[in-house]
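Asker: Using my numbering, read the sequence shown as starting at 2 and increasing by one per residue.
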Amino acid sequence: MAGTGIARATAPLGPVAAVAVICALDAVQAARSWAVPVVGVLDEPAHLLTAWVLLAALPFGRPRGWLPWALAGSVLIDVDHLPLYLGSADVAAAGGRPFSHSSATLAVLALIAGGARGRARIALLGLATGVTLHLVRDLATGPGVPLFWPLRQTSVEVPYGAYLVVLVAAAALAAARRHRAHLRPVTGPRA
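This is the structure in structure tokens:
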């Protein structure tokens with residue numbers, strides 16, 4: 002069972018490695034101007050990894066089945082860019098992000114989740130969490146997000162360095178939590 006020991010020993014490095022991959026993807030994206038499909042190939046994995054790192058740092062348990070929906074929500078929100086690529090500029094704020102990249106989308110998901118039950122509620126809350134984590138990254142990359150639409154159409158931005166500080170702190174917390182969990186003795190079946 003040497004492989005199990007290696008996996009247990011290296012598991013805390015996952016969040017740290019994820020931050021390194023995000024930084025590498027962002028460095029490649031910043032190196033030059035890319036076609037939209039290439040930007041998507043670079044940006045979507047960074048969104049997914051951002052969500053995973055931030056979720057791994059959460060100090061509380063999650064409902065069963067919630068995590069896949071949260072991870073899906075962290076990338077699926079970008080479907081709202083399709084009308085822009087098809088020529089409909091009136092769906093975006095100044096700077097280019099769609100109006101649905103706002104707290105209004107979160108409010109709608111939360112309201113629908115409030116009326117849902119069971120698995121549907123878990124899925125909707127997961128999607129809302131994922132969209133929130135997507136916006137965390139978008140606040141620091143590109144033109145920001147129209148966070149307060151429809152009240153204000155201007156985009157809100159935070160420095161990329163602030164995003165990195167949050168990511169590094171979350172990765173350190175998640176790595177420490179994983180390390181503590183892996184220090185617990187493994188108990189096998191009793192004879």
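Think of the CB as a built atom: it goes at the ideal place given N, C-alpha and C, for glycine as much as any other residue.
(1) Name, in chain order, the residues that DSSP records as bridge partners for residue 157.
(2) Compute the distance between the beta-carbons of residue 74 and residue 130, then report whether it is under 8 angstroms.
(3) Just reading off the alpha helix (DSSP H) that residue 23 is part of, what are its end residues?
(4) Within 10 angstroms of the Cβ of residue 98, are there 16 or more other Cβ atoms? Answer buried if so, exposed if not.
(5) Of all the options 140, 179, 166, which has the alpha carbon lying nearest to the alpha carbon of residue 155?
(6) Using the Cα positions of residue 118 and residue 35, report the straight-line distance between them to the nearest angstrom.
(7) Exposed or buried, which one is residue 29 when buried takes at least 16 other CB atoms within 10 Å?
(8) At a cut of 8 angstroms, does the segment 57-66 reach the segment 166-177 through at least three beta carbon pairs?
(9) Between the segment 96-115 and the segment 132-139, can you find at least three pairs of beta-carbon atoms closer than 8 angstroms?
(10) Hey, which unbroken runs of the alpha helix (DSSP H) at 4 residues or more fall wholly within the segment 28-68?
(11) Hey, out of 71, 79, 164, 150, whose CA is closest to residue 44's CA?
(12) Using a threshold of 8 angstroms, state whether the C-beta atoms of residue 147 and residue 103 are closer than that.
(13) Following the continuous alpha helix (DSSP H) through residue 101, name the residue where it begins and the one where it ends.
Answerer: According to the structure shown:
(1) In the DSSP output, where bridge partners are listed per residue, residue 157 has 146.
(2) Yes, they are a contact pair.
(3) Looking at the DSSP string, the run of the alpha helix (DSSP H) that includes residue 23 is 14-32.
(4) Buried: at least 16 other Cβ atoms inside 10 Å.
(5) Ranking the options by Cα distance to residue 155, first place goes to 140.
(6) A straight-line Cα-Cα distance of about 43 angstroms links residue 118 and residue 35.
(7) Residue 29 sits exposed, since fewer than 16 C-beta atoms from the chains shown fall within 10 Å of its C-beta.
(8) Taking a cut-off of 8 angstroms on C-beta distances, the segment 57-66 touches the segment 166-177, as three or more cross pairs fall below it.
(9) Verdict: yes, contact present.
(10) Runs of the alpha helix (DSSP H) spanning 4 or more residues and lying entirely within the segment 28-68 occur at 37-57, in chain order.
(11) When each option's Cα is compared against that of residue 44, the closest is 79.
(12) Less than 8 angstroms separates the beta-carbon of residue 147 from that of residue 103.
(13) Premise fails: residue 101 is in no alpha helix (DSSP H) and is neither H nor E.
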